[in-house]
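*Asks:*
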Amino acid sequence: MAEKLKKIINSNWFLLLFLFLVVYSIGHKSDLRYGWTNPDKRGFNVYSSDAFGYYSYLPQYLIYPGSPHYTYLDSLGQESPHLLKEEMVAYSPNYQHKINKFYIGTAFLQSPFFGTNHIVQSIFNGKTDGYSFSYQASVFIGAMFYLLLSMIGIVKLFELFNLNRFMSLIAIVLIFYGTNLSYYSTIDLMYSHLYSFFACTWFLYFIKKWILSERAVHLYAGTAFFSLIVIIRPADGLIFFIIPFLFDSFSELKTRIKAFFSVKNLKVIFFVLLIGLFFLFLQLGSNYYQTGAFGLYSYEEEGFRYLWSPQIMNVLFSYRKGFFVYTPVMLLLIPSWLILFRKKKYFGWGSLIVSFLFIWIISSWWYWSYGGCFGMRALIGFYPLFLLVLFIAMSFLSILGKCIFILLISIGIHLNQVFEYQYLNNIFHYDEMNKNFFWHVFLEKDARFSWYPYIEIERMPFKEKRKPDHSEHYFFDPKSKKWTQDKAYLSTSVIDDDYITSFRIKLEDSLALNAIRIRGQAMIQNANDLNDAFIFYKNKEQETDSMKMFIGNQIKELGRFEPFYIEYANPGTIGSDSLIIHFRALFGKRILKNVVVSIDKFDKY
Numbered sequence: 122m123a124e125k126l127k128k129i130i131n132s133n134w135f136l137l138l139f140l141f142l143v144v145y146s147i148g149h150k151s152d153l154r155y156g157w158t159n160p161d162k163r164g165f166n167v168y169s170s171d172a173f174g175y176y177s178y179l180p181q182y183l184i185y186p187g188s189p190h191y192t193y194l195d196s197l198g199q200e201s202p203h204l205l206k207e208e209m210v211a212y213s214p215n216y217q218h219k220i221n222k223f224y225i226g227t228a229f230l231q232s233p234f235f236g237t238n239h240i241v242q243s244i245f246n247g248k249t250d251g252y253s254f255s256y257q258a259s260v261f262i263g264a265m266f267y268l269l270l271s272m273i274g275i276v277k278l279f280e281l282f283n284l285n286r287f288m289s290l291i292a293i294v295l296i297f298y299g300t301n302l303s304y305y306s307t308i309d310l311m312y313s314h315l316y317s318f319f320a321c322t323w324f325l326y327f328i329k330k331w332i333l334s335e336r337a338v339h340l341y342a343g344t345a346f347f348s349l350i351v352i353i354r355p356a357d358g359l360i361f362f363i364i365p366f367l368f369d370s371f372s373e374l375k376t377r378i379k380a381f382f383s384v385k386n387l388k389v390i391f392f393v394l395l396i397g398l399f400f401l402f403l404q405l406g407s408n409y410y411q412t413g414a415f416g417l418y419s420y421e422e423e424g425f426r427y428l429w430s431p432q433i434m435n436v437l438f439s440y441r442k443g444f445f446v447y448t449p450v451m452l453l454l455i456p457s458w459l460i461l462f463r464k465k466k467y468f469g470w471g472s473l474i475v476s477f478l479f480i481w482i483i484s485s486w487w488y489w490s491y492g493g494c495f496g497m498r499a500l501i502g503f504y505p506l507f508l509l510v511l512f513i514a515m516s517f518l519s520i521l522g523k524c525i526f527i528l529l530i531s532i533g534i535h536l537n538q539v540f541e542y543q544y545l546n547n548i549f550h551y552d553e554m555n556k557n558f559f560w561h562v563f564l565e566k567d568a569r570f571s572w573y574p575y576i577e578i579e580r581m582p583f584k585e586k587r588k589p590d591h592s593e594h595y596f597f598d599p600k601s602k603k604w605t606q607d608k609a610y611l612s613t614s615v616i617d618d619d620y621i622t623s624f625r626i627k628l629e630d631s632l633a634l635n636a637i638r639i640r641g642q643a644m645i646q647n648a649n650d651l652n653d654a655f656i657f658y659k660n661k662e663q664e665t666d667s668m669k670m671f672i673g674n675q676i677k678e679l680g681r682f683e684p685f686y687i688e689y690a691n692p693g694t695i696g697s698d699s700l701i702i703h704f705r706a707l708f709g710k711r712i713l714k715n716v717v718v719s720i721d722k723f724d725k726y
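Taking the numbering used here, the leading residue of the sequence shown gets 122, the next gets one more, and so forth.
1) Assign G148 to one of three DSSP states: helix, strand, or coil.
2) Among the residues of its own chain, which have a CB less than 8 Å from the CB of A123, if the five just before and after it don't count?
3) Buried or exposed, going by whether 16 or more other CB atoms sit within 10 Å of the CB of N159?
4) Please list the terminal residues of the continuous alpha helix (DSSP H) segment that includes A342.
5) Measure the Cβ-Cβ separation of S485 and L428 and say whether it is below 7 Å.
6) Anyone know if the C-beta pair for Y440 and F559 falls short of 7 Å?
7) With DSSP as the reference, label A636 as helix, strand or coil.
8) Over what stretch of residues does the beta strand (DSSP E) that includes S697 continue unbroken?
9) Can at least three beta-carbon pairs, one atom from the segment 308 to 319 and one from the segment 344 to 356, be found at a separation below 8 Å?
10) Among the residues of its own chain, which have a CB less than 6 Å from the CB of I720, if the five just before and after it don't count?
11) Apart from the five residues on each side of it in sequence, which residues of its chain come closer than 7 Å, Cβ to Cβ, to F139?
12) Does the distance from the CB of T322 to the CB of G397 come in under 7 Å?
13) Could you tell me the distance, in whole angstroms, from the CA atom of I701 to the CA atom of Y418?
14) Do V389 and A337 count as a contact pair if the criterion is CB distance below 7 Å?
15) Say whether the segment 644 to 653 touches the segment 566 to 574, bearing in mind that this needs 3 or more beta-carbon pairs closer than 8 Å, one atom from each stretch.
16) For K714 and Y168, I'd like the C-alpha separation in whole angstroms.
17) Write down the C-beta distance between I513 and F468 rounded to the nearest angstrom, noting that I regard them as a contact closer than 8 Å.
18) Which of the three DSSP states is assigned to D357 in this structure?
19) Let me know if D161 comes out buried or exposed under the rule of 16 or more other beta-carbons within 10 Å of its beta-carbon.
20) Identify every residue that forms a DSSP beta bridge with H218.
21) Inspect the CB distances between the segment 509 to 527 and the segment 482 to 497 and report whether three or more fall short of 8 Å.
22) Residues in the same chain with beta-carbon distance under 6 Å from Y178, minus the five sequence neighbours each way, listed in chain order, please.
23) Go ahead and pull the three-state DSSP assignment for K330.
24) Assuming L204 and L194 make a contact with CB atoms under 8 Å, what is their CB distance in whole Å?
25) Looking at the secondary structure, which residues open and close the alpha helix (DSSP H) in which V276 lies?
26) Taking only the alpha-carbon atoms, compute the straight-line gap between E629 and Q606 and give it to the nearest angstrom.
27) In three-state DSSP terms, what is I130?
28) In chain order, what are the residue ranges of uninterrupted alpha helix (DSSP H) at least 4 long that sit wholly in the segment 546 to 597?
29) Measuring alpha carbon to alpha carbon, tell me which of K442, L359, L367 and S334 ends up nearest F503.
30) Roughly how many angstroms lie between the CA atoms of M434 and G424, to the nearest whole one?
31) Can you name the residues that DSSP bridges to N660?
32) I'd like to confirm the pairing. Which residues does DSSP put opposite E683 in its beta bridges?
33) Go through its chain and collect everything with a Cβ distance to R426's Cβ below 6 Å, but skip five positions before and after it.
34) For L713, which three-state DSSP category applies?
35) Whole angstroms is fine: what's the gap from K127's alpha carbon to F135's?
Right, here's the structure in full:
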């Protein structure tokens, strides 16, 4: 039975079926977001934020070459205003026109699909603006193509390291479902990460193939992929330094170096340099077109601010964007390296040193969190190497050890899928997560937790530690449905209605800052019930400020009372003469009890 199962797994038809199912499932997830096959679900643009920069080379060079420096966006933006809101192709004071700072490699890989669609649209009199739905769909098809090639690359790479087919299939599941590459293959698929992963995978394959075969054609292919990596994400080019450790030993490396740099190999060396420079000239030419000067660096004032004080702990372990926090399956790298130090020292130490160098550089970037993104996206280019570390180590384990390893991978995949859902549904903040936010919404998928960290950040809690100059406390009388300062109502105060209960008060001193604190206990019945306190400040009946403060996202369990706390203070409310708070039940029934509304007055802000 075991042999029959092994034969099935190793068969080509099973591999094709497996790859098809993975591509289909990932494509389907993207379809749910962008409506590739369903016009009713369209509404999101796939080219947003950084993706807009990576992509915009294509319409600039292939459709609007007569409108240099992205001036075509001004006229195109009149029909599609959202194009003018994209800031990733921005005006540069240094050059007095718009500059695309992103590297051209991603657009280069997208270009066959973009170009084919443009030709088809031109023939059939379709829309040829470069940004309409058909262009987005063409790049989606391209992304699925490179996704497929990446998976094939993993299978072939594993074969070179004598890792069996079952391991390569597990590796594919791990990388495309257990890491943030899942997100960058489905949602932000126009970002550079999938393309860099593809190029790094095939770079490792061809270099290892060259080491084993000594055939120049494999070296040429590896060189081409390395050059491509550099113009996709230059930092990922540090994967070059793994080459010495792809040999079996240091002595083999020395022997091959001596043999390679000999007179008989001058032709090979020449072609290696020629191929390596080819893709670099694409970037040089693009930069010259934009700035009038040759150069490879296009980020102007942005740079490696933390080069001598890298944010390594933040990059790896912080709740903001920590690699091991948001891609927990990669925690298996730690025991994997420990295994390799004993079983395969040369590769183990080499891969660790190169990975550390890469993480050092990544952690040195001026914006170490890399902005609005899911997890530590800057590390994705090294995932092919991380897969080798994980599964070479796994190959040394016993049957029981392998089973435990796969079980831990399964847990990591589950966590990643939940985290991705939370990020996509705004339960995670895109760039300002912290320990409190993370654990408050940990594994929560109910709609009431959406926007929780955003609300907590943006509500501007009053952070003064000094005592207020004056405080007033109000309690709800359930019989009269009114608010009173009689503390006797604290223990009997219950707000139990279907929709709304209001608190109203005149502010005696309109020139004072009034901070609001609301505390109590709440019970909700509906998992999606955000029920809120809607705060209004007014001056002579004119609204001066308003803020929704949600209660439901503070409640973890349904059907039981849990404490909630709200605070709000905004200096913009100075000058208001009245305050209104609506306690609203938005979905179904909710009950509040022991509610205290405190008005803290500060004479000076």
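The beta carbon of each residue, even a glycine, is placed where N, CA and C say it ideally should be.
Note that the structure is predicted; figures quoted are calculated from it, not measured.
*Replies:* In short, the structure shows the following:
1) DSSP places G148 in helix when its eight states are reduced to three.
2) Within the same chain, A123 has no close Cβ partners at all.
3) Residue environment: N159 is assigned as exposed (fewer than 16 neighbouring CB atoms within 10 Å of its CB, all protein chains considered).
4) It spans A337 to I353 - the alpha helix (DSSP H) in which A342 sits, taken as one unbroken run.
5) Result yes, Cβ atoms of S485 and L428 sit closer than 7 Å.
6) Going by C-beta atoms, Y440 is nearer than 7 Å to F559.
7) Note: A636 maps to strand in three-state DSSP.
8) Premise fails: S697 is in no beta strand (DSSP E) and is neither H nor E.
9) These segments touch.
10) Excluding positions up to five away in sequence, the list reads E593 and N635.
11) Within the same chain, and ignoring the five residues on either side of F139 in sequence, the residues whose Cβ sits closer than 7 Å to its Cβ are L290.
12) No, these two residues do not count as a Cβ contact at 7 Å.
13) Rounded to the nearest whole angstrom, the CA to CA distance from I701 to Y418 is 55 Å.
14) Yes.
15) With a cut-off of 8 Å, the segment 566 to 574 and the segment 644 to 653 count as touching, because enough Cβ pairs lie within range.
16) CA-CA distance, K714 to Y168, rounds to 47 Å.
17) With 8 Å as the limit, I513 and F468 qualify as a contact, their Cβ atoms being about 7 Å apart.
18) Three-state result, D357: helix.
19) Counting of Cβ neighbours within 10 angstroms places D161 among the exposed residues, the total staying below 16.
20) Answer is S213, bridged to H218.
21) The answer is no - the segment 482 to 497 does not touch the segment 509 to 527, with fewer than three Cβ pairs under 8 Å.
22) Contacts found: I225 and A228.
23) DSSP places K330 in helix when its eight states are reduced to three.
24) Sure, about 6 Å apart at Cβ, within 8 Å.
25) V276: member of the alpha helix (DSSP H) spanning F254 to L281, first to last residue.
26) Here the alpha carbons of Q606 and E629 stand approximately 16 Å from one another.
27) If DSSP states are grouped into helix, strand and coil, I130 belongs with the helices.
28) For the segment 546 to 597, the continuous alpha helix (DSSP H) assignments of 4+ residues that do not extend past its boundaries occur at 556 to 561 and 573 to 579, in sequence order.
29) F503 has its Cα closest to that of L359, out of K442, L359, L367 and S334.
30) Rounded to whole angstroms, M434 to G424 spans 19 Å at the Cα level.
31) Residue pairing by DSSP places N660 opposite Q663 in a beta bridge.
32) Answer is A643.
33) Around R426: W487.
34) Residue state, collapsed to three classes: strand.
35) If you take the alpha carbons of K127 and F135, they lie about 11 Å apart.
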